[in-house]
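Be aware that the sequence shown starts at 987, since it is given in the working numbering, and climbs by one per residue.
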Amino acid sequence: ISVWSGSCGNLTCIGGNDDGTGCSGFTSEFTFQSLAGEDYFILVHGFGSATGDFNLSLTCAPACTPVPANDNCSDATPLVSSFTCTPQTFTNTCANPAAFNPSCDPFGNIYDVWFSFNTGSFENHLAIFNLGTATVLSAALYDSCGGNEILCETGIFNDTVILSNLDTQTTYLLQVWNGGGVQAGTFDLCLVPAPPAPANDLCTGAIPVTCNSMVTGNTQFATTADNPASDCGVSITSPALWYVFTGTGDAVTLSTCSPNTDFDTKIHVFTGSCGALTCFNANDDDFNCPTDIFQSTVTFNSVFGVNYYILVSGFGSETGNFELSVSCSQVPPNDACANAITIGCDTTISGSTVGANIDVAPVCQPDITSPGVWYHFPGNGDFITVSTCDQASFDTKITVYSGACGSLTCVGGNDDGSGCSGFTSEFAFQSQAGVDYYILVHGFGSATGTFDLTLSCAPPCVPVPSNDDCANAVTLTPIATCTGATNYTNECAALATANPSCDPFGNIQDVWFTFNSGPDTSLNLVFTLGTATSLSVALYDGCGGTELGCLTGLGNDTVFMTGLTPNTNYWVQVWNGGGGDEGTFGVCLTYPPPPPGNDDKCAVDPGMFELIVDAPMMVFDNTSATPDGPAGPCWFGADPVDHDVWFYFTAPPSGAVIVETFDVGEMDDSQIAIYEVTGCPSTPSFTLLGCDDDGGDGLMSRDTITGLNPGQGYCIQVDG
């Protein structure tokens, strides 16, 4: 509800309401003081694009008097900030509603009164509230009437609101409100200067911290005066406090991860000296923090005698209490490849990545984003499995290289092993006798922790499929009908060194195929499972080329490839995770069936594809349909047209129809649009009447269209 005074074309805003206090269903209620002889215009409208039926009640009562003297910002009551709190009593009873909503109360009624104060020589002040007959209060601080909002808080009872980081010798405006009605009433308010910024608000006042210690702090009265520009890509935007740690040569972990930390923190570490600092490390959110992922942890290897300046701040403008812990541990002996620990067949060895460095190694899967430690295995010709599966305290990754430190070659790796809990890892590869292998155990994101690494040896898996590598891909030739023979396998295939986009974390035990598109722009891959339990497939424009498409979870399925370039070579990667998933399968390259008869928006045959209103449901197929229509503007994510088909119907006498699609076992996600189409076939013109993506059952579609001309024909576009 919105209310104006004046006349149409010359309206003045009185105020309004979105969600009334105590009103169900997000309905609205607004109260205002009318003036005799004044015309008021009331607009009833909906949230977002909502429309519907309603009853509007207008209730009149005697004018509420007296209106508070500080009802308007221009008449704000001056307050003096004093070290002795001498409460004054105020009220918002009979206050007029505000014409705008503060940011922290965007939908409620705002029955407000105003106060002003000058900061004097203090940057921080406390607004101390005590309720009288008012049941609850909210407050917002501004730099002027109609100016910038600096602070906004709701849910104030007998509370203290901190007004911090203000400019000295400056006047500010304080708006105090509630929803009126039973909430309105009296309250006490006084202003008190708050303590000055802590000594460690500046780098030169940094508090020393040492190994295995803990300090507490509060940034509420800190400032941004000494926040550095250098930030390691993690912005510094809120009041902050400084600490300093002198390097011991140990791995150091700094963390605000604690139940005693009550806000969203950031930690930055700098080297250099105050006034000439360089950001060394930073963290915003520690996703492994058990108390709150929005708390922070930084780990780095310290150099003996070097001063590290530590800045604790908050996300955005947040401030609060925090607990900063400093933990030290020795750098693992196998932190570097050159110090890799040798591990033998059928051996389990315990390790930790805590205190290790992030390694610079050749590109391999999975990516290296966290500290890691190294192990060495002399190849013996066996089939090797390395695993942290179910035996690590953190989300691990394993990457395997061959060669020598300084000239490593990627063999492959794994992030999340199939069947492994806790996002632990397992990777298998065929070793070559006399070749040295280097195994890097690291973590997802910035995760570190302890683990057991198991290396198992088994006789080599033979025979390796002839099409194990992209360079030896089997050529597929298009045929009319697939025989269903399961004459291929990925058993004994080597694991890929890179993961396709649709399977970024699993093992990729793959084989390869290639084909030439010939004159065709569309072809199908038909898969038949033998002993393999499932398959995945990716399409590329060359060996090591660009991925064009990727699908997982295939069984006895057909993959439709459209948009191919005629007379072009393509490569197909087929895989699963190996182990119990590997096995035999069949694949054929087939020609797609011809497009359905209603593929063309201008060639809809009313005799064959006319939909009769209220007739029984009919089953249709959009397989091999080509995209030729516009995309419905309401389709999710501006989804383009893929395989659209068209239908025709004649509007009934009511001029209203419901168009709905149903999942009959194959296509389970549709999108529809309803048009008035003219000018076919030479200059077709589409007038959109309605569209829908997921308004039906599941991800199917449903739309109601009204206002149609009885007896006139209209078209329906259905796409997947």
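We put the beta carbon where it would ideally sit given N, CA and C, even for glycine.
Just so it is clear, the structure is predicted and the values come from calculations on it, not from any experiment.
CA-to-CA distance, residue j to residue i, given in whole angstroms
i: Gly1492; j: Asn1400; result: 6 Å
i: Gly1541; j: Ser1199; result: 57 Å
i: Asp1585; j: Leu1029; result: 47 Å
i: Cys1396; j: Gly1535; result: 25 Å
i: Leu1160; j: Asp1004; result: 24 Å
i: Gly1261; j: Val1292; result: 16 Å
i: Trp1228; j: Ile1296; result: 6 Å
i: Val1545; j: Asn1510; result: 6 Å
i: Leu1123; j: Thr1146; result: 12 Å
i: Phe1430; j: Pro1486; result: 18 Å
i: Asn1320; j: Ile1327; result: 6 Å
i: Val1053; j: Gln1155; result: 31 Å
i: Glu1309; j: Thr1283; result: 12 Å
i: Gly1665; j: Gly1011; result: 46 Å
i: Pro1214; j: Cys1314; result: 26 Å
i: Glu1646; j: Cys1218; result: 53 Å
i: Ile1707; j: Ile1000; result: Residue 1707 lies beyond the stretch modelled for the chain, which goes from 987 to 1706, so this question has no answer here.
i: Thr1434; j: Asn1343; result: 10 Å
i: Gly1038; j: Asp1649; result: 30 Å
i: Ser1610; j: Glu1412; result: 41 Å
i: Lys1587; j: Val1663; result: 9 Å
i: Asp1710; j: Gly1539; result: With the chain covering 987 to 1706 only, the question about residue 1710 has no answer from this structure.
i: Thr1410; j: Thr1305; result: 36 Å
i: Thr1234; j: Cys1197; result: 8 Å
i: Ala1642; j: Thr1017; result: 40 Å
i: Asn1608; j: Val1427; result: 48 Å
C-beta contact flag for residue i and residue j at 8 Å
i: Ala1480; j: Asp1454; result: yes
i: Thr1636; j: Gly1697; result: yes
i: Asp1422; j: Pro1364; result: yes
i: Thr1382; j: Ser1432; result: no
i: Tyr1634; j: Ile1660; result: no
i: Val1220; j: Asn1269; result: yes
i: Pro1552; j: Asp1614; result: no
i: Gly1307; j: Asn1267; result: Note that residue 1307 is Asn in the sequence shown, not Gly. No, these two residues do not count as a Cβ contact at 8 Å.
i: Pro1581; j: Thr1612; result: yes
i: Trp1632; j: Gln1703; result: yes
i: Tyr1387; j: Cys1350; result: yes
i: Ser1508; j: Leu1550; result: yes
i: His1111; j: Val1178; result: yes
i: Cys1478; j: Cys1447; result: yes
i: Asp1489; j: Gln1559; result: no
i: Asp1376; j: Ser1407; result: yes
i: Pro1445; j: Thr1475; result: no
i: Ile1384; j: Thr1371; result: no
i: Ile1114; j: Cys1071; result: yes
i: Ile1425; j: Tyr1361; result: yes
For residue j and residue i, believed in contact at Cβ under 8 Å, the rounded distance
i: Pro1225; j: Ser1107; result: Not really, about 19 Å apart at Cβ, beyond 8 Å.
i: Val1707; j: Val1312; result: With the chain running from 987 to 1706 in the structure shown, residue 1707 is simply not present.
i: Gln1074; j: Leu1175; result: 6 Å
i: Ser1522; j: Trp1498; result: With 8 Å as the limit, Ser1522 and Trp1498 do not qualify as a contact, their Cβ atoms being about 13 Å apart.
i: Ile1644; j: Thr1576; result: The Cβ separation is near 38 Å, so there is no contact.
Where the beta strand (DSSP E) containing residue i begins and where it ends
i: Asn1473; result: Note, Asn1473: premise wrong, no beta strand (DSSP E); not H, not E.
i: Lys1383; result: 1382–1390
i: Cys1666; result: Where Cys1666 is concerned, there is no enclosing beta strand (DSSP E), given that its DSSP letter is neither H nor E.
i: Trp1360; result: 1359–1364
i: His1254; result: 1251–1259
i: Tyr1294; result: 1293–1300
i: Thr1077; result: 1074–1077
i: Gln1495; result: 1495–1502
i: Val1195; result: 1193–1195
i: Trp1163; result: 1157–1164
i: Leu1575; result: 1570–1576
i: Ile1028; result: 1026–1029
Inset, instruction - Give a yes or no on contact between the segment 1020–1028 and the segment 1054–1063, applying the rule of three or more CB pairs nearer than 8 Å. - result: no
Inset, instruction - Mind the definition here: the segment 1196–1215 touches the segment 1130–1145 only if three or more C-beta pairs lie below 8 Å; say whether that holds. - result: no
Legend entry - Cβ contact check for the segment 1086–1103 and the segment 1038–1046: 3 or more pairs under 8 Å: no
Inset, instruction - Decide yes or no for the touch test of the segment 1325–1339 against the segment 1400–1418: beta carbon pairs closer than 8 Å, at least 3 of them. - result: no
Inset, instruction - Would you check if there are 3 or more beta carbon pairs closer than 8 Å linking the segment 1251–1263 to the segment 1284–1302? - result: yes
Inset, instruction - Taking 8 Å as the threshold, find out whether the segment 1205–1214 comes into contact with the segment 1278–1293 through three or more Cβ pairs. - result: no
Inset, instruction - Mind the definition here: the segment 1571–1579 touches the segment 1510–1520 only if three or more C-beta pairs lie below 8 Å; say whether that holds. - result: yes
Inset, instruction - Please confirm if the segment 1062–1081 is in contact with the segment 1154–1169, defined as three or more CB-CB distances below 8 Å between the two stretches. - result: yes
Legend entry - Touch test, the segment 1177–1191 against the segment 1118–1127, Cβ-Cβ under 8 Å, three pairs minimum: no
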